[in-house]
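Q: I have a structure here, written as structure tokens, and I will follow up with some questions on it.
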Amino acid sequence: MKQRLGFEAQELPPEVILDIQNTAHRARADILTMTTLAKSGHPGGSMSSIDIYATLYACAKVFPGDPDREDRDRIIVSHGHTSPGVYATLARCGFFDIDDAICGFRQAWSPFEGHIERQVPGVEWSTGNLGQGLSAGCGMALASRLTRKPFHVFVCMGDGEQQKGQVSEARRFAVKYGLSNLTAIVDYNGLQISGSIRDVMYQDIRACWEADGWRVLEIDGHDVPAIYGALREAVHAGDQVCILARTVMGKGVPDMENQARYHGAPLDEEAHARAMTALGQQNRLEHYRELRTEARTRVPDFKAVSPQPRVDPGPPREYTRDNRTDNRSAFGHALADIGRNNPDVPVAVFDCDLAVSVKTGAFASVRPDAFFQAGIQEHHAAVAAGALATQGVLTFWADFGVFAAAETYNQQRLNDINQSNLKVVATHCGLDVGEDGKTHQAIDYIGLMRNLHGCRVIVPADPNETDRVIRHIATEPGMFFVALGRSKLDVITTEDGRPLFGGDYRFEYGKLVEVRQGLDIAIISTGTVTHHAVAAWDLLRESGYSALLYHAPTPLLVDDDSLIHAAVRGVILTCEDHNVNGGLGTTVTERLQQLGLPPTVIKLGVRGYQPSGPSGSLFARAEFDAASIAETAKLVIERPR
Ligand SMILES: Cc1ncc(C[n+]2csc(CCOP(=O)(O)OP(=O)(O)O)c2C)c(N)n1
């Protein structure tokens with residue numbers, strides 16, 4: 005199919021309309037062959053969306069020969085299960101060979117996964133978990149503004165998908181920030197897996213979009229000139245437009261039309277043959293079955309890119325005994341410094357109605373245009389920020405730990421899958437949240453984030469380390485989760501009173517930091533608990549014992565040299581303001597096992613939800629305050645071995 009590159013023309017010339025219609029027609033056969041060959045997939049919605057896809061990919065500014073061109077329009081398909089339709093259209097537009105898509109669909113050796121994947125040229129965002137695409141679209145629409153690269157963002161969605169709450173979060177955000185370069189297109193086929201969208205969960209889709217401030221255009225979603233006309237109007241409008249495209253599930257094959265069962269079921273081979281006849285297309289099932297073995301050897305070699313801009317982190321701030329503060333304030337100051345030092349670099353900070361507590365206010369004053377208040381819409385904020393962070397914008401999202409991890413775990417998982425460079429800064433983590441009580445105790449974030457293969461977790465000890473960590477992650481591509489507590493803290497010092505994380509200290513991911521030396525036992529602590537571990541070390545010394553104390557800022561990775569040095573003491577005490585399962589203690593135990601080292605690990609940490617109260621008393625209750633650490637260490641040292 006020929007590319008049009010833009011929506012300038014008032015109308016499409018007849019030969020272009022015919023070209024698009026032919027593409028959609030051939031793509032229908034591709035969809036059916038792909039799904040029948042794979043014996044799975046979602047043909048019904050693919051066929052209702054296909055005229056939209058064919059028109060959109062033909063006319064938007066996308067470049068099959070250069071899929072990552074910076075000024076391309078972004079097309080996000082939020083109902084990622086319509087992958088057969090997306091792959092067929094992209095192939096027919098020249099992004100890759102249709103044979104590869106048909107043969108490789110849902111095969112482990114190929115990128116053509118069951119739900120669309122960013123590794124496929126032309127796919128902007130991996131989706132499948134419904135309801136997230138519009139948020140990703142908001143992030144990309146913001147990227148256009150912040151990077152000053154004019155492009156349009158189109159988000160295709162299902163109608164059943166409209167039931168997800170995150171869709172309305174994204175709608176409101178788009179209106180608030182005037183994202184007129186964002187257009188939504190809903191495939192309004194009236195069906196979802198369990199039947200009619202009316203019966204499954206009634207919703208007045210048009211009214212919902214309008215209530216949130218969008219203008220709605222209703223069209224026949226199989227009429228190419230009408231689709232073009234609506235897209236053209238939306239692209240040139242100065243407001244947010246949603247195109248409700250009335251379609252028919254399974255469109256084109258009479259046996260499939262309006263049948264919810266074909267939402268997620270392929271045709272069997274006989275029905276496939278009948279469908280090819282109905283479509284007037286050659287039945288090439290056998291051909292493709294044979295081609296599969298050969299196709300396996302020519303998987304397209306394409307890697308999605310997620311650029312992160314270079315920033316000058318600026319000189320670190322140094323906190324001393326005289327300026328006692330909390331880690332979150334140190335984060336806020338470092339963030340404001342980065343914003344101030346890099347006026348020409350696209351940066352963004354997202355907040356969910358907690359700026360005062362998470363300390364992003366200073367940044368907001370320095371760079372008001374780069375500060376995005378998403379309201380109490382964490383699912384949306386996580387994805388919008390995550391998508392923005394794949395587009396050359398240094399992006400931070402700060403929130404309470406309980407919302408940044410547990411509340412939005414699936415969104416973070418998709419950010420990870422999409423190779424986002426998002427920097428999540430989670431404050432009020434652990435029992436250090438204090439008086440807020442159980443619902444606000446983020447005591448599982450290390451355990452959760454350890455499942456994300458690309459996300460690095462950092463838990464700094466004091467304001468100096470926090471400052472260095474924030475400047476470090478601003479210069480490092482990739483996704484980070486930085487966990488901070490709530491309390492005001494003294495600066496951790498060396499034995500002779502110098503700030504431990506000041507001077508020429510350089511943060512290094514995975515490296516344990518030696519805080520104190522000693523022989524009788526090794527203590528490894530993370531985050532703010534290191535303060536208590538230092539105090540415990542003093543108590544032990546008063547009792548005539550000596551402990552080796554390491555601080556572990558990266559609880560998912562501990563370096564072997566330090567671990568071996570600790571292991572020589574025979575017993576390692578791990579201390580963390582986190583569930584004892586899944587946190588630092590787990591990492592240490594596992595690594596020792598892998599190294600074949602015998603020492604006993606005693607894990608101090610959270611063993612159950614705690615009540616609300618001052619964090620010091622909660623630490624004592626959970627038995628990882630200074631006195632408890634020292635007491636446990638003494639018992640272990642004095643135990644006959
Ligand atoms: C968050 C989430 N919940 C459930 C599913 C499982 N699921 C896949 S498709 C689908 C129905 C989608 O309906 P619709 O958006 O109307 O798409 P269509 O049936 O038109 O293809 C469901 C529930 C999912 N993928 N994501």
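Sequential numbering of the sequence shown, starting at 5, is according to the numbering used here. Ideal Cβ placement from N, Cα and C applies to all residues, glycine included. Predicted model, so just to flag it, every value in this text is computed and none were measured.
(1) Distance check for Thr86 and Ser53, CA to CA, integer angstroms please.
(2) Note down the Cα distance separating Arg595 from Leu608, rounded to an integer number of angstroms.
(3) Could you tell me which whole beta strand (DSSP E) segments of length 3 or greater appear in the region 415-443?
(4) CA-CA distance, Leu339 and Pro372?
(5) Please report the residue range of the beta strand (DSSP E) in which Thr604 lies.
(6) To the nearest angstrom, report how far apart His535 and Pro350 are at their CA atoms.
(7) Return yes when the C-beta of Met51 is under 7 Å from any heavy atom of ligand 1, and no when it is not.
(8) From the DSSP output, read off the bridge partner residues of Ala224.
(9) Taking the alpha-carbon positions, what's the Arg625 to Pro618 distance?
(10) Suppose the cutoff is 6 Å on Cβ atoms and the five residues either side in sequence are ignored; what does the same chain contact list for Ser310 look like?
(11) Taking the continuous beta strand (DSSP E) assigned at His555, which residues delimit it?
(12) Thinking just about the alpha-carbon of each residue, which of Glu128, Asn133, Leu134, Gly135 is nearest to the one in Ala145?
(13) Could you work out which residue in Ala140, Val370, Ala279, Asp341 is closest to Ala389 when comparing CA atoms only?
(14) Is Cys107 closer than 8 Å to Leu248 when the C-beta atoms are compared?
(15) Give me the residue from Thr27, Arg293, Ala487 with the minimum Cα distance to Ile447.
(16) Compute the minimum distance between the beta carbon of Lys492 and the heavy atoms of ligand 1, and state whether it is under 7 Å.
(17) Ala537 and Ile633: beta carbons closer than 8 Å?
(18) At what residues does the alpha helix (DSSP H) containing Ala487 begin and finish?
(19) Looking only at its own chain, which residues have a Cβ that is under 6 Å from the Cβ of Tyr323, when we skip the five neighbours before and after it?
(20) DSSP has Leu398 in a bridge; who is on the other side?
(21) Does DSSP put Gly162 in a helix, in a strand, or in coil?
(22) Could you work out which residue in Ala334, Ile528, Pro464 is closest to Phe484 when comparing CA atoms only?
(23) Just to check, is the beta-carbon of Leu138 closer than 7 Å to a non-hydrogen atom of ligand 1?
(24) Determine the DSSP secondary structure at Val517, reduced to helix, strand or coil.
(25) Whose C-alpha, out of Arg110, Thr591, Glu173, is nearest the C-alpha of Thr530?
(26) DSSP on His476, reduced to helix/strand/coil?
(27) Identify, in the order they occur along the chain, each residue of the same chain with its Cβ nearer than 7 Å to the Cβ of Leu289, setting aside the five sequence neighbours on each side.
(28) Rounded to whole angstroms, what's the CA-CA distance from Gln416 to Arg278? Just pull it up for me.
(29) Along the chain, where does the alpha helix (DSSP H) that runs through Leu186 open and close?
A: The short version:
(1) For the purposes of this step, residue 53 is identified with residue 49 of the sequence shown, where counting begins at 1. For the purposes of this step, residue 86 is identified with residue 82 of the sequence shown, where counting begins at 1. Each residue's alpha carbon lies about 8 Å from the other.
(2) The sequence position of residue 595 within the sequence shown is 591, counting from 1. The sequence position of residue 608 within the sequence shown is 604, counting from 1. Between Arg595 and Leu608, the C-alpha separation is close to 17 Å.
(3) 427-431
(4) Locating residue 339 in the sequence shown gives position 335, where the first residue counts as 1. Locating residue 372 in the sequence shown gives position 368, where the first residue counts as 1. Each residue's alpha carbon lies about 13 Å from the other.
(5) Working through the sequence shown from its first residue, we reach residue 604 at position 600. From DSSP, the beta strand (DSSP E) with Thr604 extends over 604-610.
(6) Here residue 535 corresponds to residue number 531 of the sequence shown, with the count starting at 1. Here residue 350 corresponds to residue number 346 of the sequence shown, with the count starting at 1. One C-alpha to the other measures close to 36 Å.
(7) Taking the sequence shown and counting its residues from 1, one reaches residue 51 at position 47. No, the Cβ of Met51 stays beyond 7 Å of every heavy atom of ligand 1.
(8) Within the sequence shown, residue 224 is the residue found at index 220, counting from 1. At residue 224 the sequence reads Asp, which differs from the Ala that was named. Bridge partners of Asp224: Arg250.
(9) As a first step, residue 625 must be located in the sequence shown, where it is residue number 621. As a first step, residue 618 must be located in the sequence shown, where it is residue number 614. Taking the straight line from one Cα to the other gives about 11 Å.
(10) In the sequence shown, residue 310 corresponds to position 306, counting from 1. Once the five neighbours on either side are set aside, the close Cβ partners of Ser310 are Thr394, Gln423, Asn425.
(11) To locate residue 555, count along the sequence shown from 1; it is residue 551. That run of the beta strand (DSSP E) goes 551-555.
(12) Here residue 145 corresponds to residue number 141 of the sequence shown, with the count starting at 1. Comparing Cα-Cα distances from Ala145 to each of Glu128, Asn133, Leu134, Gly135, the minimum goes to Glu128.
(13) Locating residue 389 in the sequence shown gives position 385, where the first residue counts as 1. If we check each option's Cα against that of Ala389, Ala140 comes out closest.
(14) The count along the sequence shown starts at 1 and reaches residue 248 at position 244. The count along the sequence shown starts at 1 and reaches residue 107 at position 103. Taking 8 Å as the Cβ cut-off, Leu248 and Cys107 do not qualify as a contacting pair.
(15) For the purposes of this step, residue 447 is taken as residue 443 along the sequence shown, with counting starting at 1. With distances taken between Cα atoms, Ile447 lies closest to Ala487.
(16) Counted from its first residue, the sequence shown places residue 492 at position 488. Not so, every heavy atom of ligand 1 lies at least 7 Å from the Cβ.
(17) Position 533 of the sequence shown, counted from the start, is the residue given in the question as residue 537. Position 629 of the sequence shown, counted from the start, is the residue given in the question as residue 633. For Ala537 and Ile633, yes; Cβs fall inside 8 Å.
(18) To locate residue 487, count along the sequence shown from 1; it is residue 483. In the DSSP assignment, Ala487 falls outside any alpha helix (DSSP H) and within the unbroken beta strand (DSSP E) covering 483-487.
(19) In the sequence shown, residue 323 corresponds to position 319, counting from 1. Only Pro467, Asn468, Val495 meet the Cβ criterion.
(20) Within the sequence shown, the letter at position 394 stands for residue 398. BP columns for Leu398 point to Val351.
(21) The residue labelled residue 162 in the question sits at position 158 within the sequence shown. Looking at Gly162 - three-state DSSP - the assignment turns out to be strand.
(22) If you number the sequence shown from 1, residue 484 lands on position 480. Closest option to Phe484, Cα to Cα, is Pro464.
(23) Position 134 of the sequence shown holds residue 138. Checking every heavy atom of ligand 1 against the Cβ of Leu138, none is found closer than 7 Å.
(24) Counted from its first residue, the sequence shown places residue 517 at position 513. DSSP places Val517 in strand when its eight states are reduced to three.
(25) Taking the first residue of the sequence shown as 1, we reach residue 530 at position 526. That would be Thr591, whose Cα lies nearest to the Cα of Thr530.
(26) Sequence index remark: in the sequence shown, residue 476 carries index 472 (1-based). Residue state, collapsed to three classes: helix.
(27) Position 285 of the sequence shown, counting from 1, holds the residue named residue 289. Answer for Leu289: Thr37, Thr40, Leu41, Glu273, His276, listed in chain order.
(28) The residue you call residue 416 lines up with position 412 of the sequence shown. The residue you call residue 278 lines up with position 274 of the sequence shown. Straight-line Cα distance between these residues: approximately 44 Å.
(29) Position 182 of the sequence shown, counted from the start, is the residue given in the question as residue 186. No alpha helix (DSSP H) holds Leu186; the beta strand (DSSP E) holding it covers 186-192.
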